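There are 2 protein chains.
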Amino acid sequence: MQYPEPIAKLIDSYTKLPGIGIKTATRLAFYTVNMAEEDVTHFAQSLISAKRDLKFCSICGNLTEEDPCAICTDDTRNQGTVLVVEEVKDLMALENTNEYHGLYHVLHGVLSPLAGQGPDDINIESLVTRLQKNEKIEEVIVGTNANAEGEATAMYLSRLLKPAGIRVSRLATGLSVGSDIDYADEITLIKSVEGRTQM
Amino acid sequence: MQYPEPIAKLIDSYTKLPGIGIKTATRLAFYTVNMAEEDVTHFAQSLISAKRDLKFCSICGNLTEEDPCAICTDDTRNQGTVLVVEEVKDLMALENTNEYHGLYHVLHGVLSPLAGQGPDDINIESLVTRLQKNEKIEEVIVGTNANAEGEATAMYLSRLLKPAGIRVSRLATGLSVGSDIDYADEITLIKSVEGRTQM
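Residue numbers (the UniProt record's numbering), protein chains in the order written: chain Y, 1 to 199; chain Z, 1 to 199.
Following this line, the structure appears as structure tokens:
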């Protein structure tokens with residue numbers, strides 16, 4: 001005997017989400033049946049709305065309802081700095097610190113030869129065009145993740161942009177605040193010695 | 001800065017699902033934005049449909065589109081046996097074996113004093129009424145989970161139903177098929193000795 005069609009379809013939809021297998025999908029589907037009708041309706045509406053009402057900012061690639069996005073159109077922000085991140089989530093994490101007041105550029109990916117992802121597959125061309133058009137931009141801060149792919153992308157961007165006379169910098173790597181030195185991995189320790197700051 | 005409203009709402013909806021925290025919800029929401037429009041629409045529709053088109057069978061508590069459910073209305077099934085399970089998922093697991101051809105009764109829960117769940121909170125009254133009305137039912141097989149709460153519920157049902165002259169049995173506990181004796185826990189081993197079968 002199969003599950004009734006409505007729940008079978010819902011299970012099928014849940015399994016399309018990343019990291020959710022058939023067992024979890026079944027659990028979620030049964031949970032959904034017991035949820036308040038209002039919550040289910042909101043859920044369905046927000047799915048549709050997230051797909052329909054959101055677009056990527058044509059300047060920086062941020063996720064937004066209005067194009068260009070609120071950051072690109074904010075004249076009070078420092079127009080001379082562009083922080084390059086891999087994903088919109090990274091932009092949000094940096095914004096939530098309330099300490100960076102410049103502009104952003106979202107690559108929507110990272111250079112990854114193993115995954116077959118080259119410079120043309122991520123938002124690099126639009127960054128170059130942006131830098132050519134906008135003479136106010138003096139510095140590009142590369143905020144890709146501190147892993148092999150993020151470093152490779154940072155290196156690529158640095159080689160691409162420096163000849164054009166743009167200052168390229170990289171977010172600092174070192175000990176996480178609150179961490180113990182004896183638990184830190186070796187490479188982090190080496191980086192933290194190399195990048196030591198004057199007191 | 002906050003996420004744009006459509007995605008913030010979607011993150012909020014995802015966090016309402018069990019076992020999904022804010023980090024996973026954010027990941028799922030961003031994934032949703034990049035999904036095919038068709039898949040998102042299907043997802044939203046199946047959410048609504050699962051909530052709207054499904055009900056619980058008024059006889060056995062199974063999840064169904066038509067009340068009473070396909071199992072309760074199937075005259076070819078053995079009308080003399082009722083297998084009592086905790087959840088619809090358990091019913092489906094048993095049905096998928098294609099070996100049990102009697103009826104079911106879904107408790108939608110289990111006796112759990114710690115969780116404040118007593119006999120009135122689960123589908124026991126409807127089972128008693130059903131047994132009183134239907135004289136064809138001769139045996140009740142208790143198929144609650146083989147843990148403390150499942151055992152307690154089985155014991156409760158046995159004491160409740162036996163005085164009414166109904167045969168009450170319990171699914172066998174013992175070694176899982178394919179398992180190694182030296183990896184089995186002690187209680188399972190004791191149960192498998194106690195419940196040994198003649199060869």
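Quick reminder that beta carbons are idealized off the backbone N, C-alpha and C, glycines included.
The structure displayed is predicted, hence computed values, not measured ones.
*Can a CB atom of chain Z be found closer than 8 Å to the CB of Thr197 of chain Y?*
Taking Cβ atoms only, chain Z never reaches closer than 8 Å to Thr197 of chain Y, which makes this a no.
- Mind listing which residues of the stretch 60–92 of chain Y have their C-beta closer than 7 Å to chain Z's C-betas, in chain order? For the stretch 60–92 of chain Y, which is checked against every Cβ of chain Z, the residues closer than 7 Å are Leu63, Thr64, Glu65, Val88, Lys89, Met92.
Cβ pair count under 8 Å reaching 3, the stretch 45–59 of chain Z against the stretch 36–47 of chain Y
Taking 8 Å as the limit for Cβ pairs, the verdict is that the stretch 36–47 of chain Y does touch the stretch 45–59 of chain Z.
Taking the runs of the beta strand (DSSP E) that are 3 residues or longer, which of them lie wholly in the UniProt domain "Toprim" (80–176) of chain Z?
Fully enclosed beta strand (DSSP E) runs of 3 or longer: 81–85, 103–106, 139–143, 167–170.
Next on the checklist: Between Glu37 of chain Z and chain Y, is the shortest Cβ-Cβ distance under 8 Å, so that the two count as touching?
Outcome noted: Glu37 of chain Z has a beta carbon lying within less than 8 Å of a beta carbon in chain Y.
Beta-carbon proximity check, Asn62 of chain Z vs Val106 of chain Z, cutoff 8 Å: A Cβ-Cβ contact shorter than 8 Å links Asn62 of chain Z with Val106 of chain Z.
Point to revise | Cut-off 8 Å between Cβ atoms - residues of its own chain near Thr64 of chain Z, not counting five sequence neighbours on either side | key: Excluding five sequence positions before and after Thr64 of chain Z, the CB atoms of its chain that fall closer than 8 Å to its own CB belong to Leu54, Lys55, Phe56, Cys57, Ala70, given in chain order.
Exercise. Given a cut-off of 8 Å, decide if Gly174 of chain Y and Lys162 of chain Y are closer than it, judged by their beta-carbon atoms.
Key: No, these two residues do not count as a Cβ contact at 8 Å.
### Query
chain Y partners of Leu47 of chain Z, CB-CB under 8 Å?
Within chain Y, the residues near Leu47 of chain Z are Leu10, Ser13, Thr32, Val40, Phe43, Ala44, Leu47.
### Query
Which partner residues does Phe56 of chain Y have in the DSSP bridge list?
Partner(s): Y:Leu63.
As assigned by DSSP and simplified to three states, the class of Arg27 of chain Y
Of the three classes helix, strand and coil, the one that applies to Arg27 of chain Y here is helix, per DSSP.
* To do: Under the assumption that Glu86 of chain Y contacts Thr129 of chain Y (Cβ atoms under 8 Å), give the Cβ distance between them as a whole number of angstroms.
  => No, Glu86 of chain Y and Thr129 of chain Y are not in contact; Cβ-Cβ is about 19 Å, not under 8 Å.
Q) If you draw a straight line from the C-alpha of Leu28 of chain Y to the C-alpha of Lys89 of chain Z, how long is it? A) Rounded to the nearest angstrom, the two C-alpha atoms are 12 Å apart.
Which chain Y residues are close to Ile122 of chain Z, counting only those with a beta carbon under 9 Å from its beta carbon? Ordered by position in chain Y, no residue passes the 9 Å Cβ test against Ile122 of chain Z, which lies about 14 Å from the chain.
Task: Closest Cα partner of Gly102 of chain Y within the set Y:Val177, Y:Asp180, Y:Ile137, Y:Gly116 - done: Minimum Cα distance to Gly102 of chain Y is reached at Y:Ile137.
- Query: Of the choices Z:Arg167, Z:Val168, Z:Thr188, whose alpha-carbon is the least far from that of Val177 of chain Z?
  - Reply: Comparing Cα-Cα distances from Val177 of chain Z to each of Z:Arg167, Z:Val168, Z:Thr188, the minimum goes to Z:Thr188.
### Query
Under the rule that 16 or more other beta-carbon atoms within 10 Å means buried, what is Leu17 of chain Y, buried or exposed?
Leu17 of chain Y comes out buried.
Say whether chain Y places a C-beta atom closer than 8 Å to the C-beta of Gln3 of chain Z.
The question names Gln, but residue 3 of chain Z is Tyr in the sequence shown. Yes, its Cβ sits closer than 8 Å to a Cβ of chain Y.
Q) Since Ile137 of chain Y meets chain Z, which of its residues come closer than 8 Å, beta carbon to beta carbon? A) Under a criterion of Cβ atoms nearer than 8 Å, no residue of chain Z is adjacent to Ile137 of chain Y; the nearest Cβ is some 21 Å distant.
Notebook entry, point to check: Does DSSP put Thr197 of chain Z in a helix, a strand or coil?
Noted result: Correct three-state label for Thr197 of chain Z: coil.
### Task
State the CB to CB distance for the pair Ala154 of chain Z and Arg170 of chain Z, rounded to an integer number of angstroms; the pair is presumed to be in contact (CB under 8 Å).
The pair is a contact, with the Cβ atoms about 5 Å apart (cut-off 8 Å).
| task | Pick helix, strand or coil for Lys51 of chain Z, following the three-state DSSP scheme. | result | The answer is helix: DSSP assigns Lys51 of chain Z an H, G or I state.
Following the continuous alpha helix (DSSP H) through Tyr14 of chain Y, name the residue where it begins and the one where it ends. Looking at the DSSP string, the run of the alpha helix (DSSP H) that includes Tyr14 of chain Y is 5–15.
Report the CB separation of Thr32 of chain Y from Leu10 of chain Y in whole angstroms; it is logged as a contact under 8 Å.
The pair is a contact, with the Cβ atoms about 6 Å apart (cut-off 8 Å).
* Asked: Between the Cα of Met35 of chain Y and the Cα atoms of Z:Arg52, Z:Met35, Z:Phe30, Z:Asp180, which residue gives the shortest distance?
  -> Residue Z:Arg52 is the option with its Cα nearest to Met35 of chain Y.
Per-residue burial, Leu83 of chain Y [other beta carbons within 10 Å of its own, 16 or more giving buried]:
Looking at its Cβ environment, which holds 16 or more other Cβ atoms inside 10 Å, Leu83 of chain Y is buried.
query = Should Val193 of chain Z and Val168 of chain Z be called a contact, given that it needs their Cβ atoms to be closer than 8 Å?
reply = Inclusion of Val193 of chain Z and Val168 of chain Z in the CB contact set at 8 Å is not warranted, their separation being larger than that value.
| How big is the Cα-Cα spacing for Glu5 of chain Z and Ile166 of chain Z? | A direct Cα-Cα distance of roughly 58 Å separates Glu5 of chain Z from Ile166 of chain Z.
Assigned secondary structure, residue 242 of chain Z (DSSP; H/G/I helix, E/B strand, else coil): With chain Z running from 1 to 199 in the structure shown, residue 242 of chain Z is simply not present.
**Asked** Should Tyr183 of chain Z go down as buried or exposed, given a rule of 16 or more other Cβ atoms within 10 Å for buried?
**Response** Here Tyr183 of chain Z is exposed, its C-beta having fewer than 16 other C-beta atoms within 10 Å.
**Item:** Length of the line joining the Cα atoms of Tyr100 of chain Y and Asp67 of chain Z
**Value:** For Tyr100 of chain Y and Asp67 of chain Z, the distance between alpha carbons rounds to 60 Å.
Practice problem: Whole angstroms is fine: what's the gap from Thr26 of chain Z's alpha carbon to Leu127 of chain Y's? | Solution: Their backbone Cα atoms lie some 26 Å apart in a straight line.
Exercise. At a CB-CB cut-off below 8 Å, which residues of chain Y make contact with Thr26 of chain Z?
Worked result: Neighbours of Thr26 of chain Z in chain Y, taken as residues at a C-beta separation under 8 Å, are given in chain order as Lys89.
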